[in-house]
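Notes to accompany the following structure.
Protein chains: 4
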Amino acid sequence: MAETVRAAVMVHPGKIEIQEFPFPELEDGALLLKVEMCGICGTDKHTWRGETKQYAGTNAESDTPYPIIPGHEVIGVIAEMNDRKEPRLDYDGTPLRVGDRVALCPDVVCGKCYYCRHTFAYPWCENLKGYGNSLTSVESPHLFGGWAEYMYILPNAFVYKVPQALPLRVAVMVELMAVSYNLDKTKEFFTLSGEGFATGDTVVVQGVGPMGICHVIKARMMGAGDIIATDISDYRLALAKEFGADYTLNVAQTTEEERIEFVRSLTDGRGADIVVECVGIAQVLVEGLEMLRKGGVYVEAGNFVDTGDVLLSPHRHFCAKNVRLIGMTNHPFTGYTPSMKLMQKYSHLFPFEKFVTHEYPLAQTEQALLRSMEPDCMKVVIVP
Amino acid sequence: MAETVRAAVMVHPGKIEIQEFPFPELEDGALLLKVEMCGICGTDKHTWRGETKQYAGTNAESDTPYPIIPGHEVIGVIAEMNDRKEPRLDYDGTPLRVGDRVALCPDVVCGKCYYCRHTFAYPWCENLKGYGNSLTSVESPHLFGGWAEYMYILPNAFVYKVPQALPLRVAVMVELMAVSYNLDKTKEFFTLSGEGFATGDTVVVQGVGPMGICHVIKARMMGAGDIIATDISDYRLALAKEFGADYTLNVAQTTEEERIEFVRSLTDGRGADIVVECVGIAQVLVEGLEMLRKGGVYVEAGNFVDTGDVLLSPHRHFCAKNVRLIGMTNHPFTGYTPSMKLMQKYSHLFPFEKFVTHEYPLAQTEQALLRSMEPDCMKVVIVP
Amino acid sequence: MAETVRAAVMVHPGKIEIQEFPFPELEDGALLLKVEMCGICGTDKHTWRGETKQYAGTNAESDTPYPIIPGHEVIGVIAEMNDRKEPRLDYDGTPLRVGDRVALCPDVVCGKCYYCRHTFAYPWCENLKGYGNSLTSVESPHLFGGWAEYMYILPNAFVYKVPQALPLRVAVMVELMAVSYNLDKTKEFFTLSGEGFATGDTVVVQGVGPMGICHVIKARMMGAGDIIATDISDYRLALAKEFGADYTLNVAQTTEEERIEFVRSLTDGRGADIVVECVGIAQVLVEGLEMLRKGGVYVEAGNFVDTGDVLLSPHRHFCAKNVRLIGMTNHPFTGYTPSMKLMQKYSHLFPFEKFVTHEYPLAQTEQALLRSMEPDCMKVVIVP
Amino acid sequence: MAETVRAAVMVHPGKIEIQEFPFPELEDGALLLKVEMCGICGTDKHTWRGETKQYAGTNAESDTPYPIIPGHEVIGVIAEMNDRKEPRLDYDGTPLRVGDRVALCPDVVCGKCYYCRHTFAYPWCENLKGYGNSLTSVESPHLFGGWAEYMYILPNAFVYKVPQALPLRVAVMVELMAVSYNLDKTKEFFTLSGEGFATGDTVVVQGVGPMGICHVIKARMMGAGDIIATDISDYRLALAKEFGADYTLNVAQTTEEERIEFVRSLTDGRGADIVVECVGIAQVLVEGLEMLRKGGVYVEAGNFVDTGDVLLSPHRHFCAKNVRLIGMTNHPFTGYTPSMKLMQKYSHLFPFEKFVTHEYPLAQTEQALLRSMEPDCMKVVIVP
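Protein chains in written order, with numbering that gives the first Met the number 0: chain A, 0 to 383; chain B, 0 to 383; chain C, 0 to 383; chain D, 0 to 383.
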């Protein structure tokens, strides 16, 4: 192996450099992952723009500690492993071996704080570490992001074996498919008397970039009725249709009133059962809430970083609407393995290979990031 | 019986008159109720002030059709009953008789619209009629409010037999105790991994007028841990303590920051598990949401009429907080009988007889209403 | 129209006659349905064999009141309607017209008893009437079963408009697809921590006659992982594969131990997440419970009539297993319309037209019934 | 400290000896607990009788590896602690100190197997170790049971700080109060339409030994309506009344039919909403299921060891009943701290100090065990 590792470092907002880092030593239980493919996520774009306030108002409130190696939608192969003391297991309890292809969960939790002990599967940890996000590249062993040749996988980080039959370009979707457990989460609130996600329900996905597309896919897998996608890009809306949306509305070509009216007319005037916000702009909540039926579920997932305020009416948007507004960050640890299983099993129904639209080598990471911010792409990935 | 019926009519905002109405004929299935006691509710105060936009943004959006006979928290005795065709049953299926004391559910639903057929127990009916609220006294048979000697009970209105042992002044609480099913509703969202209401949970009730007090009582009945009440009235806060609150915070004597800090310090910095909004002012949502722990439930119940907008941050207040915000109007039809059962069974634990603080005869309805808007009272009732 | 109506009457167990009945007069709200197609259900077979104890141990316990006109999986066209007093609505609130094609819900509930008022959508009514089942043909207006030219639809019976695009032979599946809401029901018990139906779950369906097949379809629509079907008929197992089963086990060709081992080996030794019993034999519970993982859900739906006892171990099968055993009769009123919507939307994924395998005219009802008891058929229907 | 530790060892069924063990060395993260009080549990009685098959039919199936030191309802003081590497935390994340009084969770889980990773809070671990139960005293460091002067607390065992104000004799209830989370668990299945535990519900507890009594207490804390206790001991039934039961039925003095009829007559003929089995005899399920209303919840918790089979009717007891039968072993890790909080907060409502009826020194452990099997005691404890 090489004596140094090359990685793309965001040294401050708007600036990416390729740097070299020493090849790391592995502590007990650690892995060295040879990165095969790593996605560019909406959060990375926020970080590029300097929009870095995350988990505001909670004990885990944080700002990005530049410089960092971004990248957290990672598929790689285990290059080295320190399992001298005990077998290193994947999340589901299976022993790992060098050469295994795995997906990484970027959220590393302490397992011992109040939230780790009292809530389940979501990383509400008070000591949360986020690969590609909250760990600076200044500190050894440095390799805490996926836009790099190798990553250092901490002993308590969760990895998941990738089934052999799953193509790399499909496997790289898994983190976002786990995010789409937002829809499974609404099933915790389900009753047959109109609460939560029911088969046949009308679902609106606001914004069909990669995260929104995965919610379209998941809604279809779960037996949704009509799925309506909104976006500013005809390119993305066309892909949304291929991935299961029944109707699309281009926000640049219609008025808010027209879109609300469209959803209501589809539902005998009532509104959608479920609306998922995957845009990441504060203002869109008003439109989404107006599209929702009384007693419907609004999933607020897109505003993962602080994007400002919006004026809402407690009466109209919450009380009279009998809304169930569910704020959701991250994704469940338990969502990776079944997501990969489902992508295999339902591969004949969805054109998964169209999800990754652009691949860039590590040296062109900045171009890749800029490209990912254009409207006519879906997932842009780094192939180091 | 008398040939006419006296009733207090709100002819327009800010104006109440005592009027006489003809003694009604009963259609099949209808009841004539001799009103024994009728509460003055927060909604009645809104109506007095002309704040009458209800169910905004839904198919049931409405404005109050003055003149009306207000009053919907009613206990009465069946004076007449038209059961010539078939037995008239109470909600639970028990045949009614003249002389029975009953509580009335003020929400009359059609039973045939989409919401009546697809949701349960809450009056999300598209053709909702609300006693004391949405039925004008101009139209025959006029007697659609509880501030009157008699009420005309429609064939499809729900009534509930009052147990003999339950004092009248306690029975009159039942409608608000049914409103407190807001807390039972959160149990539909319960999981042991930190979702919904758990025994031992910390509960904040914002505003402890009669509706808030009933939520304090219900939280205590359900096994809450610490209960914190906030209000502007020391009088009401003192009563809240007698009814089960562990801590009280006078909003007029503390800063928002102090109150948020108090709740956090009680919970190792995390925030309350459940916050119930019973104030009815848009601005209080910010404080309530800041008091809430990550993943906690915010019950928005107080803004039953349109009270304007509030600036909220989708990131901070919803997404990062992983909030479950539950808008709740009305109360379940199924909540009356168990509420009366619980008030009997737990009567040694709560000073229910202190709930009604002021009684007025029908002739002094306007004074009663003005009195109910003072800070140093709890429930004010009309005793026709 | 004809002056009399021909119907197949089961005069006692094992005996069917074609009889003629007077053309009925319609009371207010009643419909006359010209039957287009009516399925033969497992319950009908029990009735033929004299196994008629239903709802044993409940307030609704009953025996079949021979003679009856069987048949309750009905699609028909409204031939006459008495809507002189008020519009006759379908279940979802849409006005009906003569000529509309509708599906019938065979369970007619009173709407006023305790269960009608306190539970939702399932016919736990204390005064339940069941078309084709609990209403004798001796009493006027006689036409209470679907194996007839016309049916008399009571004013409070629920009917559902059939979408024009849905073929008759697919529409006739709707009652059983509504039964498969057994799987939706388990979502009420869902949490992400391993309770209830999760996407990707392993599902076993014991018995893939028509009811079992519909559960296979529904599990697939809802995003199941592996689906395993068991049956004694290779014919039915082959169809189960076409409808979405991944694996099939012929009970006549394998041992119980082999089948249990097969399911465990598919699940890393743990067992299936969900097992649905659609056989209707008491003994199969043991096998099903052994196939289930700890904490899994066992849906007991097949023993709709009394089929005797089975020896079970409270420790092994319930307590240690941490089982969630859900007894389910009937189906929800709310399940018809979304089922028809889903059958349309997912018609490219399932060969719905293969569901009905045999059609018989009314005159050959007894042959049809005998045919339906052979292993090499799926749904047998009467086309009057 | 002493150089040896005295402990009561069950060398084989029916035989207890006091033995001495070497004072242990503590590995990283381990604690040494000076036992203050340890209860005698029903499981200990089974072990005494040689009824030791646990978790039958699951991956964790086991038999007791005699000799063992029994005892798992432990309150003790931290005598030594090895926190040289890192702070030793209690379950809720608070650092521990020598001298802290703590409760122990007897179930030690690996944290890495499939069930540890996919289910929450209940010890469904495939590598479960049970203090006082599954760890033989032959193997070093021996001290794996609470009937001893000291216990060796493994690094990954969960302990919980006991609030200073909670008396020792009340604190020792905490494990069983955590078991009573069986009732909280049913809230995961709750909907307002008659599923799971609702405030005001009628609850039957079959068997009111210590475990049953704790379910009575919990049902009352959670807002139950009528609570009915059954037992063979008038002594225990009288205590059940003091702890919140409204009605008691002595099984030795009434027939099964009378008891079923009593419960039905209390509930207008319907049956109880919730029945909890705390007897541990296979046969009682029939009575319990007959007492249950349609759609009610049956909690099977008492048959923790294999007690044989019972004849049940899939139709009558499961399908027609629409039963929700919930098998429950153990208790949630998350149930200790809130249970102690609730016992403090509700101490004025329950005579908690009457729960422990007999205390014995370590030397008289065998007498204590025999005493605990008499009908006229509640909790018998060892005070080493």
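C-beta: ideal position from N, C-alpha, C; glycine also.
Distance from K217(C) to K186(A) at the Cβ level is roughly 15 Å; contact not present, criterion being Cβ atoms closer than 8 Å. For A147(C), no beta strand (DSSP E) run applies, since DSSP gives it neither H nor E. Using a Cβ-Cβ cut-off of 7 Å, G92(A) is close to K111, C112, Y113, R116 of chain D, given in chain order. For E148(D), no CB of chain C lies under 8 Å from its own CB, so it is not counted at the interface with that chain. Under DSSP, R5(A) takes part in a beta bridge, and its partners are E19(A). At least one CB atom of chain B sits nearer than 8 Å to the CB of G224(D). With a threshold of 8 Å between beta carbons, M220(B) makes contact with chain D. For the segment 151-176 of chain C, the set of positions with a beta-carbon nearer than 9 Å to some beta-carbon of chain A is empty. Contact of S338(C) with chain B is not assigned, every C-beta pair being separated by 8 Å or more. Remark: C-beta atoms of A223(C) and L236(C) do not approach each other more closely than 8 Å. Setting aside the 5 residues that flank it on each side, N302(D) is surrounded in the same chain by G279, each with a C-beta closer than 6 Å to its C-beta; the list follows chain order.
Nearest in C-alpha terms to H71(A), of all of L134(A), A164(A), P360(A), is L134(A). With a beta-carbon spacing of about 3 Å, C37(D) and G145(D) fall inside the 8 Å limit used to define contacts. In the structure shown, Y114(C) falls within a helical segment according to DSSP collapsed to helix, strand and coil. Close to chain C, meaning a Cβ-Cβ distance shorter than 7 Å, are the following residues of the segment 179-207 of chain B: T190, S192. Each residue's CA atom was taken as its position, placing V379(B) and E358(B) some 6 Å apart.
Per DSSP, the continuous alpha helix (DSSP H) segment holding C213(D) begins and ends at 209-220. Any Cβ of chain D closer than 8 Å to the Cβ of P331(B) would place that residue at the interface, and such an atom is present. Under the 8 Å criterion on CB atoms, L341(C) is classed as interfacial with respect to chain A. When C-beta distances to chain A are compared with 8 Å, the residues of the segment 119-131 of chain B below that value are F119, A120, Y121, W123, in chain order. Under the criterion of beta carbons closer than 8 Å, E241(D) and K84(D) do not qualify as touching, at roughly 48 Å.
Per DSSP, the unbroken alpha helix (DSSP H) holding G41(B) starts and ends at 41-47.
Contact between G193(C) and H117(D) holds, with the beta-carbon distance rounding to 5 Å and staying under 8 Å.
The beta-bridge partner set that DSSP reports for S61(D) consists of Q53(D).
Under the three-state reduction of DSSP, C37(B) is assigned to strand. Per DSSP, the continuous beta strand (DSSP E) segment holding V355(C) begins and ends at 355-359. For K240(C), the nearest beta carbon of chain A is not closer than 8 Å to its own beta carbon.
With its beta carbon less than 8 Å from one in chain C, L88(B) belongs to the interface. Along the segment 51-84 of chain D, going in chain order, the ones with a CB nearer than 9 Å to a CB of chain C are K52, Q53, Y54, A55, G56, T57, N58, A59, E60. Under DSSP, R100(C) shares a beta bridge with V76(C). If you check the CB distance, I68(B) and S136(B) come in under 8 Å. When the beta-carbon positions are compared, M377(A) and A170(A) stay at least 8 Å from each other. In the structure shown, R323(D) adopts extended strand secondary structure according to DSSP, grouped into three states. Taking 7 Å as the cut-off between beta carbons, none of the residues of the segment 281-295 of chain A comes near chain C. Close CB contacts of A55(A) within its chain, under the 7 Å cut and outside five residues either way in sequence, are with D305 (chain order).
Residue pairing by DSSP places G193(C) opposite no residue, since no beta bridge is assigned to it.
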